[in-house]
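The structure under discussion appears below in the form of structure tokens.
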Ligand code: SAH
């Protein structure tokens with residue numbers, strides 16, 4: 080279903096500068112309409128963020144593609160995602176052959192994402208907890224993607240990155256963030272590139288915003 084719409088979405092992503100063919104192929108394959116609420120399905124292949132309940136959103140496809148392209152996951156690499164939400168970003172990472180670990184703080188979102196992973200037979204490891212402290216057990220990760228915006232870069236996420244690995248995280252205030260692309264050069268050296276003007280829902284936790 081929606082094959083034509085998926086092809087059109089991929090052309091939009093390409094026209095906006097996403098050039099990694101493996102990433103584009105993953106967008107052709109993963110069915111975004113399965114990750115949005117029923118009443119949103121007709122909008123699933125528009126390049127916009129959509130509400131998924133509890134005040135959260137499934138990120139805009141362009142943003143998912145951009146972050147994925149920056150991580151460029153290779154088969155068997157370990158990738159950690161903070162903010163499972165609908166599970167769509169995790170499914171894209173899985174489609175690229177990554178061993179995907181994902182953390183969501185909202186129990187209801189965690190449960191429905193797990194159900195969808197099961198249904199689609201995606202072997203994604205997920206847990207419900209505060210992602211700002213990372214997931215030490217399976218570290219180090221070749222890539223870490225944070226899909227919610229925080230005030231600072233959580234120290235544990237930098238620690239849990241492998242040397243040569245990349246962390247992509249929106250940092251800023253609650254309205255607008257800069258996407259920080261952080262490469263770990265050695266155990267205590269990092270190189271950071273910044274891309275302005277992204278808007279994510281808040282990263283809430285020990286090393287994020289405090290819940291009101
Ligand atoms: N990657 C998701 C985007 C969901 S929006 C997708 O593809 O649909 C970001 C998600 O981050 C929300 O579901 C929110 O509940 C979650 N979140 C915010 N702070 C978090 C934290 N500290 N740990 C884990 N998840 C968090």
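In this note's numbering, the protein residues as written are 80 to 291.
Backbone N, C-alpha and C define an ideal beta-carbon position, used for all residues, glycine too.
Per DSSP, the unbroken beta strand (DSSP E) holding residue 183 starts and ends at 178–183. For the ligand SAH, no non-hydrogen atom lies closer than 6 angstroms to the CB of residue 142.
In terms of Cα proximity to residue 260, the closest of 266, 240, 252 is 240. Annotation: residue 172 to residue 203 spans about 10 angstroms, alpha carbon to alpha carbon. Counting along the chain, residue 107 sits inside the alpha helix (DSSP H) bounded by residues 100–108. For the stretch 167–229, the continuous alpha helix (DSSP H) assignments of 4+ residues that do not extend past its boundaries occur at 167–174, 186–198, in sequence order. Residue burial annotation: residue 146 is buried, with at least 16 other C-beta atoms found within 10 angstroms of its C-beta.
Secondary structure at residue 286: coil, using DSSP grouped into helix, strand and coil. Non-local beta-carbon contacts of residue 269 in its own chain, meaning distances under 8 angstroms to residues more than five positions away in sequence, involve 237, 261, 262, 263 in chain order.
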